[in-house]
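Listed in order, the protein sequences are those of chains A and B.
Numbering follows this note's numbering, in which position 157 of the first sequence is assigned residue number 157; successive positions increment by one, without gaps.
Numbering follows this note's numbering, in which position 38 of the second sequence is assigned residue number 1038; successive positions increment by one, without gaps.
Reading through the structure tokens given below for one structure.
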Amino acid sequence: MLGLGLLVWAHYAGLVHEETSEFMMGDVGRILYAHVPTAWNGLLTYLVAFIAAVGALATSKKGWDALVEASVEVGVLLNVLLLIQGSLWAKPTWGVWWDWDPRLTTSAIMVVAFGVVLALRQSIQEPGRRLTISSVATIVAFINVPIVYMSVKWWRTLHQDFSTPETVDATLKLPLRVAAFGMLFIGIFFVVARWRIAMRRLSREMDAPELPDAPKPLTVEA
Amino acid sequence: MNTMLQILQKDLFIEWRARSRTISLISFAYTILLLFSFAVGPNAVAMRQHAAAYLWLSILLSSTLLLDRSMRIEIEAGALHTLLLAPVSKAGLFYGKALANTFQLMVLAGISIPLIYVICDATLVESAGWLILTAILGTAGLAAPGTLYSAMTARMTGKQLLLPLLLFPLVVPVIVAAVKATTLAMLGDPMDQIGAWLTLLICFDLVYWSLCGVLFGRVIEA
């Protein structure tokens, strides 16, 4: 609730007030308040997933396993949102839906790399194997992110130089920060909710099935 | 170390004994090369420029078949269980299999490169040493994560889809760097960039040959 409230307030501040409009891009630039928090929190969620995966491999506890499932799922969701928002913004400003910029390309690859972890979890029935294999896939996917970023950056910059000034004006900062925290709280809410569901499902899996009623002893009437 | 060499020897021996399978793999790579040229059309300039891309994509696509088979020979008839019961190090098992896969991919690259010269009329401006070095580093970069992931997906339903889904996003840096380095070796490298791309390949190889070696033990036991 707090997250939603902060997000609403930040979007109101960012979207309605005149002075928070971006100088060059006008109203289109206002997507900043949704896009940038999504990006930050998406990466943060993947970091949580990585830590949870290391924890799951080290301890084999189902709590960590459930956290891997929850955070990877929320991370992929934020990542998909990020790509949609980015494309919506890129069309009016750059004139194209897509550009092979390192950050764009890396985010697109991240969706697949982490999305597969979810597919893997679906296709393994046995809890122990699922824990190990999805944790390994999460760790490898996370470690790969900076390498993909580096390689695509080189690949691009050897052709042409691409730079975006990252300076954010002071008037834009407050709504942006509030929106980031709003998104953070919503993200945490989703991860926790998803973690609870995953925990229940895992606990149910590990419990022994209920035994049928014991047969009644035969009574022989004399 | 001993385990590694023995596994390497065993895998290569099995492949040598089943040479007809190797030939079908080479035919597969060759067919992909032909299909690329049909898809692009009879454009000699474009073919020459994209020769490196065709080469590496055909190696990548063939590698999924090769990796799948290399793990299947372990699963069939319970060979893997027997190997795990034996007092051998899991890391040795990984490095043996990964080296065997690297070697086979290198043979595949060695056969495909002359074909590229015939089909695409490619040139070789820089020294052939760069091309050979790129082929070694690139195939090693495909083999290490490929061996880990084929072990993960070996006993799953839908592994034909899951292995490429896991592997392809991960090896983006390998494909980017190997294609660039090969192109530079073929078409000329006036800016001395080839070293930077090979450095990226070496970094990727170092990260994945160590990381996958550590994680393989857990995966194979699961």
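Backbone N, C-alpha and C define an ideal beta-carbon position, used for all residues, glycine too.
The residues Val1179, Thr1182, Thr1183 and Met1186, in chain order, have a CB closer than 7 Å to that of B:Ala1052 in the same chain once the five nearest residues on each side in sequence are set aside.
For the set B:Leu1060, B:Pro1145 and B:Arg1072, the Cα lying nearest the Cα of B:Leu1108 is the one of B:Leu1060. Here B:Phe1204 is buried, its C-beta having at least 16 other C-beta atoms within 10 Å. Sorting A:Arg200, A:Val72 and A:Ser123 by C-alpha distance to the C-alpha of A:Asn41 places A:Val72 at the top.
The beta carbon of A:Thr132 sits closer than 8 Å to some beta carbon of chain B. Close to chain A, meaning a Cβ-Cβ distance shorter than 9 Å, are the following residues of the region 1191-1209 of chain B: Met1191, Gln1193, Ala1196, Trp1197, Leu1200, Cys1203, Phe1204, Val1207 and Tyr1208. Following the DSSP letters along the chain, one finds B:Ala1151 inside the alpha helix (DSSP H) bounded by residues Ala1128 to Thr1153. Flagged as an interface residue toward chain A: B:Leu1166, by a C-beta distance shorter than 8 Å.
Spanning the alpha carbons of A:Trp97 and A:Leu104 requires a straight line of approximately 11 Å. The continuous stretches of alpha helix (DSSP H) do not include B:Met1191, and DSSP gives it neither H nor E.
By the Cβ test, the region 1089-1108 of chain B is not in contact with the region 1120-1130 of chain B, since fewer than three Cβ pairs between them sit closer than 8 Å. Each residue's CA atom was taken as its position, placing B:Val1176 and B:Leu1137 some 13 Å apart. Note on geometry: alpha-carbon atoms of B:Leu1067 and B:Thr1153 lie some 11 Å from one another.
Across the region 1069-1091 of chain B, no CB contact with chain A closer than 9 Å is found for any residue. Chain A places no beta carbon closer than 8 Å to that of B:Lys1010, leaving this residue out of the contacts. Nothing from the region 81-104 of chain A brings a Cβ to less than 7 Å from some Cβ of chain B. Leaving aside the five residues that flank A:Leu120 on each side, the residues in its chain whose CB is nearer than 7 Å to its CB run, in chain order, Ile133, Ser134 and Ala137. For A:Val148 and A:His35, the gap between their C-alpha atoms comes out near 21 Å. Taking all protein chains shown into account, B:Pro1145 has 16 or more neighbouring C-beta atoms within 10 Å of its C-beta and is therefore buried. Listed by position along chain A, the residues whose Cβ is nearer than 9 Å to that of B:Ala1177 are Ser151, Trp154 and Trp155. For B:Pro1087, the secondary structure class from DSSP, reduced to helix, strand or coil, is coil. Neighbours of B:Ala1051 in chain A, taken as residues whose beta carbon is under 9 Å from its own, are absent, since the nearest beta carbon is some 18 Å off.
The three-state secondary structure of A:Pro212, taken from DSSP, is coil. Just so you know, the alpha carbons of B:Ala1044 and A:Val152 end up roughly 28 Å apart. Within the region 133-145 of chain A, contact with chain B at the beta-carbon level (separation under 8 Å) is assigned to Ile133, Val136, Ala137, Ile139, Val140, Ala141, Ile143 and Asn144. Taking 8 Å as the cut-off between beta carbons, the residues of the region 118-130 of chain A near chain B are Ala119, Leu120, Ser123, Ile124, Gly128 and Arg129, in sequence order.
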